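Worksheet: the structure to be examined is printed underneath.
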Amino acid sequence: MTATAAPLDLLLLPTWLVPVEPAGVVLKEHGLGMRDGRIAFIGPREAALKQPALETRELPGMLLSPGLINAHGHAAMSLFRGLADDLPLMTWLEKHIWPAEAKWVDEAFVRDGTDLAIAEQIKGGITCFSDMYFYPKVASDCVHNSGMRAQIAIPILDFPIPGASTPDEALRQGIELFGDLKHHPRIKITFGPHAPYTVCDDNLEKIRVIAEELDAAIHMHVHETAFEVQQAVEQTGERPLARLGRLGLLGPRFQAVHMTQISEDDLALLVESNTSVIHCPESNLKLASGFCPVERLWQAGVNVAIGTDGAASNNDLDLLGETRTAAMLAKAVAGSATALDAHRALRMATLNGARAMGLESEIGSLEVGKAADIVAFDLSGLAQQPIYDPVSQLIYATGRDCVKHLWVAGKQLLDDRRLTRMNEPELTATAIAWGQRISGHSE
């Protein structure tokens, strides 16, 4: 940018700037400028102060990074937070969650639950999230109104679900929503077959064909538990991932969520197909589902992103905390203290998530020309001192309460921890009312 260019809309002057790309870089005393929703300038503080800007904000003691990307979740399930804890996956699903969904989930539930999830995620430094839940049009309306960025996966199962009585109806709705939002700057529609054990070959084939025609992604729970894999082998003689490979679903547009069970053949399939894996460590830990071998995948060249899963199985949407858990768990699983270091963990929570969603040219790193999806973390507190490596401090010693400011496409959605577009007391009251209603009828 030259001095004769249009002025920056906003110039930010943090203590540290972590672009994520190039990898491992920390820029001290640098500035970042935004114009028209995009990053227009990154440079040393002295050069930054020479740039004409409509507004300049000093951010002492703060670390500026790309906004966090939550690559898997079920937003509206925030209203089921804590409803059925300390249970194994299939008991949790079949005896508690699916019956609760059949009874309570409608458009109002999805609207209120999604708004609650969006607010929690903004306050936690998340600028983009992937959502896979019922009434996806309602969820997309919530995202549109919030100013946030999201990937909305159309849920498809072989049996009736809230909002779609058949898989074909779900697919029709998905195609229509894809068309309606094809040019939306912040919403991307994908297809979300629930899991190999809930979607038959015929429906997977339909999804494959439609996704190829639309150049859309596919987002699916795969190998979440050892039981899932064992049952599939006993019933069909084939591991679920191998079945998906045989059906032609795997590839750069496929997002395999969980992947706690990975054989050598599975790893080869993931590498050859360039499939992304979405790691959800805290949900996997809480449900005792298993451990995704993140370091093994990373060293093999597999793109690994990170997600919180839904608040009903986590029980929060704290991606910074999730990333800390992932970094520590990766070391234990690999038996190596050098596995998934802090810089790679941050990359997993930003650029790798963008890559999994096919958005790496738009978001995931702080680079001139990319969308201004940015978060400012306040590292000036007592618990963060002293600071030798600010990224290590962010991952290992910082909580989401240190998220100070957040922008999506240059629009500030969090200002000094205050939501700028959403009414926090109203959201809290609505969630409490839902909780009273559900608990009062669930005895």
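When you line the sequence shown up against mature numbering (1 follows the signal peptide of the UniProt record, and there is no 0), it's residues -22 to -1, 1 to 421, in that order.
From the three backbone atoms N, C-alpha and C, an ideal C-beta is built for every residue, glycine too.
None of the values given here were measured: they were computed from a predicted structure.
Nearest Cα to His172 within the set Glu183, Ile134 and Arg415: Ile134. If you keep only unbroken beta strand (DSSP E) runs of at least 3 residues inside the region 316 to 394, you get 352 to 356, 381 to 386 and 389 to 393.
DSSP places Arg231 in the coil class of the three-state scheme, outside both helix and strand. Looking only at Asp158, Gly388 and Asp146, the smallest Cα-Cα distance to Val177 is reached by Asp146. Of the candidates Ala283, Pro(-1), Gly313 and Gly288, the residue whose Cα lies closest to the Cα of Thr301 is Ala283. Of the residues Phe19, Val83, Ser43 and Glu7, the one whose Cα lies closest to the Cα of Trp412 is Val83. The beta carbon of Gly21 lies closer than 7 Å to those of His8 and Gly9 in the same chain, with the five residues before and after it left out. DSSP, reduced to helix, strand and coil, places Gln213 within a helical segment of the structure shown. Met237: not part of any alpha helix (DSSP H); DSSP gives it neither H nor E. Annotation for Gln99: the continuous alpha helix (DSSP H) segment containing it runs Glu85 to Lys101.
If you ignore the 5 residues before and after Lys264, its C-beta comes within less than 7 Å of the C-beta of Ser291 and Asn292, all in its own chain and listed in chain order. For Lys166 and Asn401, the gap between their C-alpha atoms comes out near 25 Å.
In this structure, Leu357 lies away from Gly45, with their beta-carbon atoms at least 8 Å apart.
Of all alpha-carbon atoms in Gly313, Ala320 and Ala289, the one lying nearest the alpha-carbon of Thr303 is that of Ala320. The beta carbon of Glu(-2) lies closer than 7 Å to those of Leu329, Ser343 and Glu345 in the same chain, with the five residues before and after it left out. Sixteen is the threshold: when 16 or more other Cβ atoms of the shown chains lie within 10 Å of the Cβ of Tyr111, as they do, the residue is buried.
Under DSSP, Ser254 takes part in a beta bridge, and its partners are Gln233. Using a Cβ-Cβ distance cut-off of 8 Å, the region 313 to 327 and the region 66 to 80 are not in contact, since fewer than three pairs of beta carbons, one from each stretch, lie closer than that value. According to DSSP, Val187 shares a beta bridge with no other residue. Going by beta carbons, Leu295 and Leu372 fall outside the 8 Å limit.
For Arg274, the enclosing alpha helix (DSSP H) covers residues Val272 to Ala278.
According to the DSSP secondary-structure assignment, Asp109 is paired through a beta bridge with Ile130. Counting only runs of 3 or more residues that sit fully inside the region 16 to 60, the beta strand (DSSP E) segments are 16 to 22, 34 to 44 and 46 to 48, in chain order.
Nearest C-alpha to Glu154 among Ala409, Cys106 and Ile188: Ile188. Shown here for Glu98: same chain residues with a beta carbon closer than 6 Å to its own, the five before and five after excluded, namely Leu295 in chain order. By the neighbour-count criterion, in which 16 or more other beta carbons inside 10 Å mark a residue as buried, Thr214 falls on the exposed side. Looking from the CA of Gly285, the closest CA among Gln233, Gly279 and Arg274 belongs to Gln233.
Within the DSSP secondary-structure output, Lys166 pairs in a beta bridge with Gln129.
Segment contact: the region 116 to 125 against the region 84 to 103, three or more CB-CB distances shorter than 8 Å; contact assigned. Excluding its 5 nearest sequence neighbours in each direction, Ala131 has C-beta neighbours in its own chain below 6 Å: Met110, Thr168, Gly170 and His197, listed in chain order. Check the Cα spacing between Ala1 and each of Leu61, Val369 and Arg59: the tightest is with Val369. Taken through DSSP and simplified to helix, strand or coil, Leu265 comes out as coil.
In the structure shown, Leu67 falls within a helical segment according to DSSP collapsed to helix, strand and coil.
For Gly359, the CB contacts under 8 Å within the same chain, skipping 5 residues up- and downstream, are Cys380 in chain order.
For Thr(-8), no alpha helix (DSSP H) encloses it; the enclosing beta strand (DSSP E) starts and ends at Leu(-13) to Leu(-6).
For the pair Ser56 and Ala95, the Cα-to-Cα distance works out to about 6 Å.
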